[in-house]
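Student: Its first residue numbered 0, the first sequence is counted upward by one per residue in numbering that gives the first Met the number 0.
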Amino acid sequence: MRDALKSRSAVNPITNLARFSLLKECARQGLITQGGVLHGHFIKVGTSSKAYNAIQLLIMYLKCQRSADADQILKGFNGFNLVAHNCLIAASVERGNLDEARRLFDEMPERNEVSWTALASGFLKYGRVEESMWYFERNPFHNVVSWTAAVSGFVQNGLNYKAMKLFLDMFRCGVRPNDVTFTSVVRACAELGAFELGMSVLSLILKVGFEHNISVSNSFITFSLRLGKVDLARRIFHRMEVRDVISWTAILDMYVEMGDLTEARRVFDEMPTRNTVSWSAMIARYSQSGYTEEAVKLFYRMIQDGFSPNTSCLASVISAMACLEALHAGMNIHAPGRWSDVMNTRKLMKEKGVKKSGGCSWVESHLTQALPKKQWKDLA
DNA sequence: TTAGGGTTAG
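1. Look up residue 34 in the DSSP assignment and say whether it is helix, strand or coil.
2. Cutting at 7 Å between CB atoms, please list the residues of its own chain near residue 192, excluding the five before and the five after it.
3. What is the rounded straight-line gap between the Cα of residue 70 and the Cα of residue 26?
4. According to DSSP, is residue 26 part of a helix, a strand, or is it coil?
5. Using a Cβ-Cβ cutoff of less than 7 Å, which residues in the same chain neighbour residue 133 once the five nearest sequence positions on both sides are dropped?
6. Among the candidates 103, 203, 107 and 182, whose CA atom is the shortest distance from the CA of residue 222?
7. If we ignore side chains and look at the alpha-carbon of each, how far apart do residue 458 and residue 219 end up?
8. Report, in whole angstroms, the separation of the C-beta atoms of residue 175 and residue 215, which I expect to be a contact under 8 Å.
9. Does DSSP classify residue 152 as helix, strand or coil?
10. Please state whether the Cβ-Cβ distance between residue 196 and residue 163 is less than 9 Å.
11. Is the beta carbon of residue 56 closer than 9 Å to that of residue 41?
12. Do you know whose CA, among 259, 261, 274 and 228, lies nearest residue 246's CA?
13. CA-CA distance, residue 97 and residue 299?
14. So, are the CB atoms of residue 85 and residue 111 less than 9 Å apart?
15. Quick one: using the 10 Å Cβ neighbour count with 16 as the cut-off for buried, is residue 266 buried or exposed?
16. So, using beta-carbon positions, are residue 279 and residue 318 closer together than 9 Å?
17. Ordered along the chain, which non-local residues of its own chain (more than five positions away) have a Cβ less than 6 Å from that of residue 34?
18. At which residue ranges does the segment 264-325 contain complete alpha helix (DSSP H) runs of 4 or more residues, listed in the order of the chain?
19. In or out: residue 308 buried (at least 16 other Cβ within 10 Å) or exposed?
20. Between residue 49 and residue 90, what straight-line distance do the alpha-carbon atoms span, to the nearest angstrom?
21. Considering Cα atoms alone, identify which of 82, 286 and 31 is closest to residue 62.
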């Protein structure tokens with residue numbers, strides 16, 4: 000981000016569009032220093048749209064939790080601003096302060112579809128279904144987003160049957176579902192284990208024309224796998240025109256679950272891009288199947304490629320390391336290089352600043368069980 | 001114009 004700012008301003012004047020996309024990135028990543036620099040830049044050069052500018056700055060300061068700076072921006076508005084107020088509600092919901100969100104909502108002289116949906120989805124996010132429904136039912140501006148927020152919120156709270164009923168109501172009200180709606184609905188069918196219902200949804204997806212959407216196809220692959228329809232999952236994957244890392248990981252996971260390590264590895268090597276989950280799935284299966292060296296080697300490559308391991312990945316590699324360590328004394332004479340990958344991994348993790356991620360105590364207890372205390376101290 | 005909805009992987 001810092002480099003992007005530097006290079007853009009050095010080469011040619013930064014465009015409004017580029018400036019806003021950088022500011023959004025600052026908000027997303029919580030980069031207050033760079034966001035502040037952009038703010039200064041805005042003041043210096045001025046922008047064509049002051050209102051838009053102020054809203055983006057407000058979002059950035061709210062996301063970075065700089066309330067004093069956010070207040071300054073708010074003071075710049077000439078009285079009540081609907082969009083800014085909706086941003087304040089969203090920020091309160093994100094902090095989990097629903098009372099504050101409700102207070103902000105109540106004090107609004109006017110509200111729009113965004114204000115109502117922010118409240119309804121906010122309550123669902125924290126499992127407060129009844130309060131959410133209060134806002135949902137009274138929302139005078141229902142649209143595909145407010146309906147989808149309710150459907151997906153129900154699914155997230157495990158209310159899959161109710162989610163399906165809501166989906167039908169949405170249809171009856173003449174609101175056309177979109178790709179986001181379908182991903183939630185397909186998930187509900189998977190959770191319900193309802194194959195026939197899922198196939199009916201599929202015919203609807205084909206009718207409405209979302210069969211080429213990546214997220215919808217991915218959710219259908221998962222649906223098929225959960226219901227044990229491996230061939231169907233494979234067919235969907237092969238018919239996809241564009242696949243993302245999630246499509247690939249789902250198929251990788253399918254072979255991993257089937258215990259077909261050869262095919263899983265073939266998919267793993269073929270994947271155009273990988274993420275922490277794909278690495279972890281492969282490493283975990285190697286470790287569980289007794290291919291401990293391969294697990295540790297792959298872990299080494301994962302760190303080298305710049306991925307941070309998550310708790311479950313660390314747990315698999317630690318148990319693989321423990322097995323190797325137990326074997327190490329006897330094997331040292333015959334295979335002196337064998338342990339070097341483990342040592343290199345530790346060094347690399349330290350160099351790259353890989354933290355022992357959340358759930359550390361769980362990993363530690365796993366490790367202390369697997370290794371004598373002295374060896375654990377040496378490892379850490 | 002901005003602000004509100006998400007799923008898919010371990």
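Each residue gets a CB set at the ideal place from its N, CA and C atoms; glycine is no exception. The structure displayed is predicted, hence computed values, not measured ones.
Tutor: Reading off the structure:
1. Translated into the one-based positions of the first sequence, residue 34 becomes position 35. In this structure, residue 34 counts as helix in the three-state DSSP scheme.
2. By 1-based counting over the first sequence, the position of residue 192 is 193. Answer for residue 192: 226, listed in chain order.
3. In the first sequence, residue 70 corresponds to position 71, counting from 1. In the first sequence, residue 26 corresponds to position 27, counting from 1. Those two C-alpha atoms are separated by around 16 Å.
4. Here residue 26 is taken as the residue at index 27 of the first sequence, counted from 1. Reduced to three states, the DSSP call for residue 26 is helix.
5. On the first sequence, residue 133 is found 134 positions in, with the first residue counted as 1. Cβ within range, chain order: n/a, list empty.
6. Position 223 of the first sequence, counted from the first residue, corresponds to residue 222. Considering only alpha carbons, the answer is 182.
7. Outside the displayed range of the chain (0 to 379) lies residue 458, so it cannot be described from this structure.
8. Here residue 175 is taken as the residue at index 176 of the first sequence, counted from 1. Here residue 215 is taken as the residue at index 216 of the first sequence, counted from 1. Not really, about 14 Å apart at Cβ, beyond 8 Å.
9. For this step, residue 152 is matched to residue 153 along the first sequence. Here residue 152 sits in helix by DSSP.
10. Position 197 of the first sequence, counted from the first residue, corresponds to residue 196. Position 164 of the first sequence, counted from the first residue, corresponds to residue 163. Going by C-beta atoms, residue 196 is nearer than 9 Å to residue 163.
11. On the first sequence, position 42 is the one that residue 41 refers to. On the first sequence, position 57 is the one that residue 56 refers to. Yes, these two residues count as a Cβ contact at 9 Å.
12. To locate residue 246, count along the first sequence from 1; it is residue 247. Here the closest residue by C-alpha is 274.
13. Position 98 of the first sequence, counting from 1, holds the residue named residue 97. Position 300 of the first sequence, counting from 1, holds the residue named residue 299. Taking the straight line joining both Cα atoms gives about 44 Å.
14. Here residue 85 corresponds to residue number 86 of the first sequence, with the count starting at 1. Here residue 111 corresponds to residue number 112 of the first sequence, with the count starting at 1. Yes. Within cutoff.
15. Mapped onto the first sequence, residue 266 falls at position 267. So residue 266 ends up on the buried side.
16. By one-based count along the first sequence, residue 279 stands at place 280. By one-based count along the first sequence, residue 318 stands at place 319. Going by C-beta atoms, residue 279 is not nearer than 9 Å to residue 318.
17. For the purposes of this step, residue 34 is identified with residue 35 of the first sequence, where counting begins at 1. These residues qualify, in order along the chain: 25 and 59.
18. 275-287 and 291-303
19. Position 309 of the first sequence holds residue 308. Answer is buried; the Cβ neighbour count reaches 16.
20. The residue you call residue 49 lines up with position 50 of the first sequence. The residue you call residue 90 lines up with position 91 of the first sequence. Their Cα atoms are separated by approximately 21 Å.
21. Position 63 of the first sequence, counted from the start, is the residue given in the question as residue 62. Comparing Cα-Cα distances from residue 62 to each of 82, 286 and 31, the minimum goes to 31.
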